[in-house]
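Protein chains in written order, with the working numbering: chain A, 1011 to 1331; chain B, 224 to 552.
C-beta: ideal position from N, C-alpha, C; glycine also.
Scroll down for the structure; my scribbles are underneath it.
Written out as structure tokens, the structure is:
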């Protein structure tokens, strides 16, 4: 990537222009559209199922131990590192680091994950706090194990919520007042973000269910990161805690365009959803059909489940009857 | 490779003390030291190479690819070896009292690890499971309603038995509950995965890994295989074998098994055998049915002739030995 700022600018223009066109052609405003990896992955996997999710599915479903794991773990690691700025870094004990951060999360009603934990503490909801500590300490342990300790030189955490509830959200809006916003879900960067480029984004997955998504995830986060930070990353490292693997994907123009295309596709589907929810015409069957709420009524999905979908994990499934 | 001495480690607390005892010294009774981790001795590389080779061979028959892999975990491995037809049963098993008690005991151990200052009650366990996204126990108890009393008492007894023996675990052990671990073989055409009840130490800490499995029922030797598989997966992932597998059972049994090379080789052999069984099934051959006590609760029994014909053990009045019976033609 020879001109990372220029590449980010060109991506900005292309994505903004495409979003403008979609919104202008929409029969009605689609409402607020947040584009993160989850939406991009859903829309790419099966547009019909994505449109059918409706407001309940598109919106943030609320915090849960699993959904809060990364946010708590990053905040806990950030606090741990912050406490040791003046001395030699000691490797964090994940569970203790998480507990230490949770003890400071006392802002009831605050925004973000700190507010959620503050509420749990106020309610003395030990069970949920324990489940959150389990998920986030697992996340943090995997992050440190895969990246190594000391952490790579120049690593800075992203998307960190401070214990006062304030956070640095990595968001991009195509233009002021736009109903569309894009979030970069990278957990860290390695290297400074500067005009000459060269920084790497890090995306940590505690358990990677599907290794095929690595390139799509890297493309999306590279594009979202370029839009948010106005400079394209040189590479995206996608880690998997369960295998210990680190996949480094170099970023080029094609990859940014692919990621930008995923962002635009989410907006396109949301605009379409104003008039057209689930439609078998563009249903794209896959293993996701097994958990899809439309699996009983979606003909392509039913056909898939009755055919290839009867195979699970590489073996045919035998029914009881 | 060094490991925990078998005779001296009786409990999880013993194991943690022993594996952190440091280099060998007279004060440690002459046992090998474990404080700086367990040497790999190239074991992980050899195991991976052998499994990769077996996965490739099986993959050429089974037709699996990185896009559409064979996914193995402890359940499929066990069933492919015990009764291949049962391994193909889809869907989740219906909740029953034993399963629910097992889940509760398992969760109690996790809660005791995560929140050691709080009392581990059945209510707390049900809340923890629900917060973790598993409502099986809560739903089953709610379905039973007033009739849940005996089951609640049983769960309470098992939980308290486990908690009484559960040590306070120092955070420097990096306790990770439900640790996911996965090995990709043959370029991803075969994936072997597991979710450990508890993993202590290991990479990148300076302590050897200890795999902890919690079981809700009564101890039986078959329980060891799960821990063996997990030790194998941790070895493949981290490049260092765990020092020990500790299986804590709600009946009061604690099984401590040092991880010797033979343990890992045995686990790898089971995976290789499972691959060899799975490959022709994936290629279209019928899965053999091997009847046994598992037939009683098998979800595919209605469609399985030999399973339907199998009957539980009868006692031979002459010799007093149990024998299983397959009736029918």
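- When the alpha-carbon of residue 299 of chain B is set against those of B/448, B/365, B/409 and B/348, the nearest one is in B/448.
- In the same chain as residue 333 of chain B, and ignoring 5 residues on each side of it, the C-beta atoms closer than 6 Å to its own belong to 400, in chain order.
- Residue 414 of chain B is positioned such that its CB atom lies no closer than 8 Å to that of residue 423 of chain B.
- As DSSP reads the structure, residue 1182 of chain A sits in a beta bridge with A/1192.
- Taking the C-beta atoms as reference points, residue 1244 of chain A is found nearer than 8 Å to residue 1208 of chain A.
- Taking a C-beta cut-off of 9 Å against chain B, the contacting residues of the segment 1146-1168 of chain A are 1147, 1148, 1151, 1152, 1154, 1155, 1158 and 1159, listed in chain order.
- For residue 1216 of chain A, the residues of chain B that pass the 8 Å Cβ criterion are 403, in the order they occur in the chain.
- In the three-state DSSP reduction, residue 329 of chain B falls in the helix class (H, G or I).
- Per DSSP, reduced to three states, the secondary structure at residue 1214 of chain A is strand.
- Residue contact with chain A for residue 435 of chain B: absent (no Cβ-Cβ distance below 8 Å to any residue of chain A).
- If you draw a straight line from the Cα of residue 1137 of chain A to the Cα of residue 354 of chain B, it comes to about 7 Å.
- Contacts with chain A at 8 Å (Cβ-Cβ) include residue 460 of chain B.
- DSSP lists B/434 and B/480 as the beta-bridge partner residues of residue 468 of chain B.
- Under the Cβ distance rule, residue 1322 of chain A counts among the residues neighbouring chain B, one pair being separated by less than 8 Å.
- By the Cβ criterion, the segment 516-530 of chain B is in contact with the segment 302-313 of chain B, since at least three pairs of Cβ atoms, one from each stretch, lie closer than 8 Å.
- Judged by their CB atoms, residue 489 of chain B and residue 296 of chain B are not nearer to each other than the 8 Å cut-off.
- For residue 1020 of chain A, no beta strand (DSSP E) encloses it; the enclosing alpha helix (DSSP H) starts and ends at 1014-1035.
- Nearest CB-CB separation between residue 1222 of chain A and chain B: below the 8 Å threshold.
- About 17 Å separates the beta carbons of residue 1085 of chain A and residue 1213 of chain A, which is beyond the 8 Å limit, so they are not a contact pair.
- Linking residue 276 of chain B to residue 406 of chain B through their CA atoms gives a straight-line distance of about 14 Å.
- Put simply, the CB of residue 453 of chain B is far from chain A, with every gap to its CB atoms at 8 Å or more.
- Cβ-Cβ distances below 6 Å link residue 1149 of chain A to 1079, 1080, 1083 and 1216 in the same chain, with the five nearest sequence neighbours on each side left out; the list follows chain order.
- Here residue 1133 of chain A carries a coil assignment [DSSP, helix/strand/coil].
- If you draw a straight line from the Cα of residue 1121 of chain A to the Cα of residue 1132 of chain A, it is about 15 Å long.
- With a minimum length of 4 residues, there is no unbroken run of alpha helix (DSSP H) contained wholly in the segment 381-445 of chain B.
- In the three-state reduction of the DSSP assignment, residue 1277 of chain A falls in the helix class.
- Residue 1237 of chain A is a Cβ neighbour of residue 1018 of chain A, given a cutoff of 8 Å.
- Within the segment 500-523 of chain B, 501, 504, 505, 510, 522 and 523 place their CB atoms closer than 8 Å to a CB of chain A, listed in sequence order.
- Taking 8 Å as the upper bound for CB-CB distance, residue 1234 of chain A and residue 1194 of chain A are in contact here, some 4 Å apart.
- By the Cβ rule, the segment 494-510 of chain B does not count as touching the segment 456-473 of chain B, because fewer than three pairs are nearer than 8 Å.
- Taking 7 Å as the cut-off between beta carbons, the residues of the segment 319-350 of chain B near chain A are 333, 334, 337, 338, 341, 347 and 350, in sequence order.
- Between residue 1200 of chain A and residue 1045 of chain A, the C-beta gap is not smaller than 8 Å, which leaves the two residues out of contact.
- Out of B/485, B/514 and B/531, the CA that lies nearest to the CA of residue 269 of chain B is found in B/485.
- Secondary-structure assignment with DSSP links residue 1153 of chain A through no beta bridge to anything.
- Proximity of residue 290 of chain B to chain A, defined by a Cβ-Cβ separation below 8 Å, is satisfied.
- In chain order, 1324 make up the part of chain A whose C-beta sits under 7 Å from the C-beta of residue 287 of chain B.
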